[in-house]
Ligand code: ZN
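Now the structure itself:
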């Protein structure tokens, strides 16, 4: 089963989408299997990270800015190569195990849609597969 979700994003942020993914798993009826969360954009990503202390996301965004700053040497006409690089760093998908109809996530883990070049209307997919 494939589910699509649409979100509006700010300029740059990690948006917690764990509830969307849980919703897809519940709708699918799958009790044991895996799901793939996939972002079909080139300046946004998907990752799993801490969901308890919001300062973690703030620190990650700060560190990504320091690691992948805009550079005058960049040639890409759109001027957002920094955002493309941040997407490269986080990737555009993640896989989560499903057991007993629930996502197998650690206590402090959340699933994030990573916006690096907003604000935009974005979407992502959740593909749920039973074993
Ligand atoms: Zn671009």
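Numbering (my numbering), first residue to last: 3 to 133.
Even for Gly, the Cβ is constructed at its ideal location relative to N, Cα and C.
Self-check item: Member of 15, 16, 10, 6 whose CA lies at the smallest distance from the CA of residue 26
Solution: Start at 1 with the first residue of the chain shown, and residue 26 comes out as number 24. Checked all of 15, 16, 10, 6; the closest Cα to residue 26 is 6.
Self-check item: Three or more C-beta pairs below 8 Å linking the stretch 105-121 and the stretch 12-25
Solution: The stretch 105-121 vs the stretch 12-25: in contact.
Quiz item: What residues in its chain sit with their C-beta under 6 Å from that of residue 50, if we drop five residues either side in the sequence?
Solution: Mapped onto the chain shown, residue 50 falls at position 48. The answer, listed in chain order, is 96, 111, 113.
Practice problem: Flag residue 40 as yes if its beta-carbon sits less than 8 Å from any beta-carbon of chain C, otherwise no. | Solution: Absent from the structure: chain C. Only one protein chain is present.
Quiz item: Taking all protein chains shown into account, do 16 or more other C-beta atoms lie within 10 angstroms of the C-beta of residue 124, making it buried, or fewer, making it exposed?
Solution: The residue labelled residue 124 in the question sits at position 122 within the chain shown. Per the 10 Å Cβ criterion, buried.
Quiz item: Going by Cα to Cα distance, which pick from 61, 79, 30, 47 is closest to residue 120?
Solution: If you number the chain shown from 1, residue 120 lands on position 118. That would be 47, whose Cα lies nearest to the Cα of residue 120.
Self-check item: Distance cut 5 Å, beta-carbon to the ligand ZN heavy atom: residue list by chain order
Solution: The answer, residue by residue, is 80, 82.
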